[in-house]
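Q:
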């Protein structure tokens, strides 16, 4: 800040002199440019939006950030056991417009500039299925006239299974595999499994077991 003083002398008719002083302030601001020295990327930080449970079909964004000069370039990867991973995206953020259960897994990003490259810690994405799908029943006949019925589904969280026989209220068994030992004619009928998790409940198609005479004829319908 500079302070200037100016003066003026006035002569009156009577010959007297009057001195008047004026003060002025001159304020200036100096801006000095700040220069950052070149710096390799720091450990990248990652985030998932929205946070909380990830539902199938929703939009999910993964963000990667690192302090670096010059600015870092970012690349996203998904872990799959392959040492020569192909990059998923060379942009940040990585956006899933409609995420699927197959997108579940661990992801990480790299930040790189001309001075170095750093890799972030992994973040885990666990996509919850909105419904149970691809219900399947298979069977195998074991020695001693026994039958295994196996129920499976693509569900996340994992489903619990209950077995029923058509027109019977009480369940026949629980678990993914239902075993009928020593198959007899009274075992004939339609069987189905019910899968349930926190996201929903679904029944399989019917499975027909036909037992006649001294031999077993197994068939199934979908």
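In mature numbering (1 follows the signal peptide of the UniProt record, and there is no 0), the protein residues as written are -15 to -1, 1 to 207. Ideal Cβ positions, reconstructed from N, Cα and C, are used throughout, including at glycine.
What residue from 174, 194, 158 and 167 has the CA that sits closest to residue 180's CA?
A: The candidate whose alpha carbon is nearest that of residue 180 is 158.
Q: For a test of the three-state rule: what should DSSP assign to residue 21, helix, strand or coil?
A: Coil, per DSSP.
Q: When DSSP labels each residue in this structure, what does residue 153 get in the three-state scheme?
A: Three-state result, residue 153: coil.
Q: When the Cα of residue 153 is compared with those of 95, 73, 92 and 178, which residue comes out closest?
A: Of the candidates 95, 73, 92 and 178, the one whose C-alpha sits nearest the C-alpha of residue 153 is 178.
Q: Quick check: residue 84 and residue 34, are their CB atoms within less than 8 Å of each other?
A: Contact flag unset, no.
Q: Go ahead and label residue 142 buried or exposed: buried means 16 or more other beta carbons lie within 10 angstroms of its beta carbon, across all protein chains shown.
A: It counts as exposed.
Q: Quick one: give me the first and last residue of the beta strand (DSSP E) that residue 108 is part of.
A: Where residue 108 is concerned, the enclosing beta strand (DSSP E) stretches over 108 to 110.
Q: Which first and last residues belong to the beta strand (DSSP E) in which residue 88 is found?
A: Where residue 88 is concerned, there is no enclosing beta strand (DSSP E), given that its DSSP letter is neither H nor E.
Q: For residue 75, which residues from the same chain have a beta carbon less than 6 Å from its beta carbon, with the 5 sequence-adjacent residues on both sides left out?
A: Around residue 75: 60.
Q: I'd like the list of long-range same chain contacts for residue 24, defined as Cβ closer than 8 Å, with 5 residues on each side in sequence excluded.
A: The residues are 52, 53, 54 and 100.
Q: Taking DSSP's pairing of strands, which residues face residue 97 in a bridge?
A: Bridge partners of residue 97: 58 and 102.
Q: Buried or exposed for residue 109, please, with buried defined as at least 16 other CB atoms from any protein chain shown within 10 angstroms of its CB.
A: It is exposed - the Cβ of residue 109 has fewer than 16 other Cβ atoms within 10 Å.
Q: Assign residue 171 to one of three DSSP states: helix, strand, or coil.
A: In the structure shown, residue 171 sits in a helix (DSSP, three-state: H, G or I).
Q: Under DSSP, the beta strand (DSSP E) around residue 46 begins and ends at which residues?
A: Taken as a continuous stretch (DSSP letters only), the beta strand (DSSP E) holding residue 46 covers 45 to 50.
Q: Expressed to the nearest angstrom, what Euclidean distance is found between the alpha-carbon atoms of residue 106 and residue 82?
A: Taking the straight line from one Cα to the other gives about 23 Å.
Q: Rounded to the nearest angstrom, how far is the Cβ of residue 94 from that of residue 29, given a contact under 8 Å?
A: At roughly 6 Å, the Cβ-Cβ gap stays under 8 Å, so residue 94 and residue 29 are in contact.
Q: Just to confirm, is the Cβ distance from residue 137 to residue 165 under 8 Å?
A: In this structure, residue 165 does not lie closer than 8 Å to residue 137 by Cβ.
Q: So, are the CB atoms of residue 64 and residue 97 less than 8 Å apart?
A: Result no, Cβ atoms of residue 64 and residue 97 do not sit closer than 8 Å.
Q: Taking 7 Å as the cut-off, is the C-beta of residue 192 nearer than that to any heavy atom in the ligand GDP?
A: Ligands are entirely absent from the displayed structure, and the ligand GDP is therefore not among its contents.
Q: Once DSSP output is grouped into helix, strand and coil, what is the label at residue 133?
A: Correct three-state label for residue 133: strand.
Q: Taking DSSP as the reference, what is the three-state secondary structure of residue 41?
A: Coil, per DSSP.
Q: Contact defined as beta carbons within less than 8 Å: I believe residue 38 pairs with residue 114. What is the distance between those atoms, to the nearest angstrom?
A: About 12 Å separates the two Cβ atoms, so there is no contact after all.
Q: What three-state label does DSSP hand residue 184 in the structure shown?
A: Three-state DSSP puts residue 184 in coil, outside helix and strand.
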